[in-house]
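S.K.: Here's a structure for you.
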Amino acid sequence: MMYSSKERVQACLRHEEPDRVPADVWAEPQVWNRLMKDFDVSTKNEVCAELASDVRTLEPVYPPDREEQGVRQNMWGERWAKARTPWGTEWEHIEGALVSAASLEELAGFPWPDCDQVDYSVVKAQAKECLDHAVCYGFCDFFERPSLVRGMENFLVDTLINPDWVDYLQKVFLDFYIEDFYRALEASGRTIDIYLALTDLGTQRGLLLGQEVLDRFIFPPLKKLAETVHREGVKLMFHSCGSVREVLPQIIAAGTDILNPIQPAAAGMDPEELKSACGRDLAFHGGVDIQYLLPLKNAGEVKREVRRRNEILGRGGGYIIAPSHNLQQDTPSENIAAMYDTALRYI
Numbered sequence: 058m059m060y061s062s063k064e065r066v067q068a069c070l071r072h073e074e075p076d077r078v079p080a081d082v083w084a085e086p087q088v089w090n091r092l093m094k095d096f097d098v099s100t101k102n103e104v105c106a107e108l109a110s111d112v113r114t115l116e117p118v119y120p121p122d123r124e125e126q127g128v129r130q131n132m133w134g135e136r137w138a139k140a141r142t143p144w145g146t147e148w149e150h151i152e153g154a155l156v157s158a159a160s161l162e163e164l165a166g167f168p169w170p171d172c173d174q175v176d177y178s179v180v181k182a183q184a185k186e187c188l189d190h191a192v193c194y195g196f197c198d199f200f201e202r203p204s205l206v207r208g209m210e211n212f213l214v215d216t217l218i219n220p221d222w223v224d225y226l227q228k229v230f231l232d233f234y235i236e237d238f239y240r241a242l243e244a245s246g247r248t249i250d251i252y253l254a255l256t257d258l259g260t261q262r263g264l265l266l267g268q269e270v271l272d273r274f275i276f277p278p279l280k281k282l283a284e285t286v287h288r289e290g291v292k293l294m295f296h297s298c299g300s301v302r303e304v305l306p307q308i309i310a311a312g313t314d315i316l317n318p319i320q321p322a323a324a325g326m327d328p329e330e331l332k333s334a335c336g337r338d339l340a341f342h343g344g345v346d347i348q349y350l351l352p353l354k355n356a357g358e359v360k361r362e363v364r365r366r367n368e369i370l371g372r373g374g375g376y377i378i379a380p381s382h383n384l385q386q387d388t389p390s391e392n393i394a395a396m397y398d399t400a401l402r403y404i
């Protein structure tokens, strides 16, 4: 039986084996631009079509960033400045707009965004273009993004000595993102299949946050998001980089349906063990290593590893093959093509 992309992903998320393992494309902006040139196309969706991706992402138009004296700031107060990198000059995060805030009143006085500033009409048009594909929406970061606005060190200290400040910031972000979800859901004609929430809990070796912080500031908002999207028949995908094996039972208990990005080089994130221990309760998205495999190995090695990922994580459904984070600029186009060509041909 031949599935449409939407049917393929939906079967996968029911933990059924479709006709093949579905695929998704995540990439840095520079890689998207390179792939557009490689394929002689002009949009992300056209790149996704060339790579036989089964997922499409809806993106409304948010208020534009402001730039002043070499510093760029978005609607949340995140800030960037240009810095030299191995790939040339790039925008890199610097301390955010509320790094010097000394009271809850100062936090409340910031001109926080609201959904009336967002253009959802484009979501309606985008949704009409991908009716046969699984649809992903969202970028709900309820911990790391507030920390970038407040300053990471300040924010982590706040969790201990000013927890009410953290509560306030999280409420601002969550209230916005939940309203944003409902507006996008209606604008899309209720075609959204997957909602993305994210905040990085892990490092390469272990957890970034202590259990007390996780229990207070991570799992309750994650559960609220899961309950919100589940009421609308939408699956929740939770993104956390790094080693999160230790807290997977809590991530599952909070209502997560899909875990992304499965970084196999991080401690405790062996795909075979994850599938064995959690595969009945959790679907997986990602898993193709961007740290060592995709940038450093040849196309033949990439193909072998993709087949292995499909064999392990795709067994019994519950796997969307994708890179273990955004494809980076050091990944050759040949290896990207090898990855998706193998995913398409693997039955």
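Going by my numbering, the sequence shown opens with residue 58, and the numbers climb by one from there. Using N, Cα and C, we set each Cβ at its ideal position, and we do this for glycine too.
Take Ser245 as the anchor and find which of Ala191, Val206, Pro220 and Leu258 has the nearest alpha-carbon.
M.R.: Selected option, being the one with the closest Cα: Ala191.
S.K.: Quick one, which of Arg262, Gln87, Pro203 and Asp221 has its alpha-carbon nearest Glu162's?
M.R.: Checked all of Arg262, Gln87, Pro203 and Asp221; the closest Cα to Glu162 is Asp221.
S.K.: Is it buried or exposed for Asp81, if we count other Cβ within 10 angstroms and need 16 for buried?
M.R.: Buried, since its Cβ has 16 or more Cβ neighbours within 10 Å.
S.K.: Using the rule of at least 16 other Cβ atoms within 10 Å of the residue's Cβ for burial, across every protein chain shown, is Trp144 buried or exposed?
M.R.: Flag for Trp144 reads exposed.
S.K.: Where do the N-terminal and C-terminal ends of the alpha helix (DSSP H) with Gln227 fall, by residue?
M.R.: It spans Pro220 to Ala244 - the alpha helix (DSSP H) in which Gln227 sits, taken as one unbroken run.
S.K.: What does the alpha-carbon distance come out to for the pair Leu47 and Ile249?
M.R.: Outside the displayed range of the chain (58 to 404) lies residue 47, so it cannot be described from this structure.
S.K.: If I'm right that Gly343 touches Asn317 with Cβ under 8 Å, what's the distance once you round it to whole angstroms?
M.R.: Right, their Cβ atoms sit about 5 Å apart.
S.K.: Ignore the nearest five residues each way along the sequence and tell me which others in Ala109's own chain have a CB closer than 8 Å to its CB.
M.R.: For Ala109, where only same-chain residues beyond five positions count, the Cβ hits under 8 Å are Ala80, Tyr397, Ala400 and Leu401.
S.K.: With H, G and I counted as helix, E and B as strand and the rest as coil, what does DSSP make of Lys354?
M.R.: It is coil, neither helix nor strand.
S.K.: Residue range of the alpha helix (DSSP H) that His287 falls in?
M.R.: Start and end: Phe276 to His287.
S.K.: In three-state DSSP terms, what is Glu73?
M.R.: In the structure shown, Glu73 sits in coil (DSSP, three-state: anything other than H, G, I, E or B).
S.K.: I'd like the span of the beta strand (DSSP E) that includes Met132, first residue to last.
M.R.: It is not in any beta strand (DSSP E) - Met132 carries neither H nor E in the DSSP assignment.
S.K.: Quick test of the definition: if touching needs 3 or more C-beta pairs under 8 Å, does the region 290–301 touch the region 345–365?
M.R.: No contact exists between the region 290–301 and the region 345–365.
S.K.: Tell me whether the beta-carbon of Phe199 lies closer than 8 Å to the beta-carbon of Leu231.
M.R.: For Phe199 and Leu231, yes; Cβs fall inside 8 Å.
S.K.: Could you spell out the range, first to last residue, of the beta strand (DSSP E) harbouring Glu147?
M.R.: Taken as a continuous stretch (DSSP letters only), the beta strand (DSSP E) holding Glu147 covers Gly145 to Ile151.
S.K.: What are the start and end residues of the beta strand (DSSP E) that includes Glu85?
M.R.: From DSSP, Glu85 is part of no beta strand (DSSP E); its letter is neither H nor E.
S.K.: Could you spell out where the alpha helix (DSSP H) holding Leu116 opens and where it closes?
M.R.: According to the sequence shown, residue 116 is Glu rather than Leu. Neither: Glu116 is in no alpha helix (DSSP H) and is coded neither H nor E.
S.K.: Looking only at DSSP bridge pairs, what is Ala140 linked to?
M.R.: Looking at the DSSP assignment, Ala140 forms a beta bridge with Glu147.
S.K.: Considering only C-alpha positions, which residue in the set Ile377, His382, Asp173 and Glu284 is nearest to Ser297?
M.R.: It is His382 whose Cα lies nearest to the Cα of Ser297.
S.K.: Would you call the region 201–212 in contact with the region 141–158, where contact means no fewer than 3 C-beta pairs closer than 8 Å?
M.R.: Yes, the region 201–212 touches the region 141–158.
S.K.: Taking the alpha carbon of Ile43 as the point to measure from, which residue in Ala84, Glu73 and Leu271 has its own alpha carbon closest?
M.R.: Residue 43 is absent from the model: the chain starts at 58 and stops at 404.
S.K.: Output the distance between the C-alpha atoms of Phe167 and Ser61, rounded to the nearest integer angstrom.
M.R.: Their backbone Cα atoms lie some 46 Å apart in a straight line.
S.K.: Identify whether Asp176 lies in helix, strand or coil by the three-state DSSP scheme.
M.R.: Reduced to three states, the DSSP call for Asp176 is strand.
S.K.: Taking the alpha carbon of Val180 as the point to measure from, which residue in Leu266, Asn219, Phe238 and Leu115 has its own alpha carbon closest?
M.R.: Closest option to Val180, Cα to Cα, is Leu115.
S.K.: Rounded to a whole number of angstroms, what is the C-alpha to C-alpha distance between Lys332 and Pro380?
M.R.: Rounded to the nearest angstrom, the two C-alpha atoms are 17 Å apart.
S.K.: Would you call the region 122–130 and the region 95–106 in contact, with 3 or more CB pairs under 8 Å?
M.R.: Too few Cβ pairs lie closer than 8 Å, so no.
S.K.: Taking the alpha carbon of Thr142 as the reference point, which residue from Pro389, Glu391 and Gln385 has its own alpha carbon closest?
M.R.: Comparing Cα positions, the closest option is Gln385.
S.K.: Count the other CB atoms, across all protein chains shown, that sit within 10 Å of the CB of Leu282; report buried if there are 16 or more and exposed otherwise.
M.R.: Looking at its Cβ environment, which holds 16 or more other Cβ atoms inside 10 Å, Leu282 is buried.
S.K.: Tell me whether Pro318 sits in a helix, a strand or coil according to DSSP, three-state version.
M.R.: If DSSP states are grouped into helix, strand and coil, Pro318 belongs with coil.
S.K.: What number of angstroms, rounded off, separates the C-alpha of Asp257 from the C-alpha of Glu201?
M.R.: Approximately 7 Å, taken between the alpha carbons.
S.K.: So, for Pro321: in the same chain, excluding its five sequence neighbours on each side, which residues have a beta-carbon less than 7 Å away from its beta-carbon?
M.R.: Closer than 7 Å at Cβ, skipping near neighbours: Asp327, Pro328, Gly344, Asp346 and Ser381.
S.K.: Answer with buried or exposed for Ser300, where buried requires no fewer than 16 other C-beta atoms within 10 angstroms of its C-beta.
M.R.: Answer is buried; the Cβ neighbour count reaches 16.
S.K.: Assuming Gly312 contacts Lys280 under a Cβ cut-off of 8 Å, what Cβ separation, rounded to an integer in Å, is found between them?
M.R.: Right, their Cβ atoms sit about 6 Å apart.
S.K.: Less than 8 Å between the beta carbons of Val112 and Val66, yes or no?
M.R.: Yes, these two residues count as a Cβ contact at 8 Å.
S.K.: What is the DSSP secondary structure of Gln309, reduced to helix, strand or coil?
M.R.: At residue 309 the sequence reads Ile, which differs from the Gln that was named. Helix, per DSSP.
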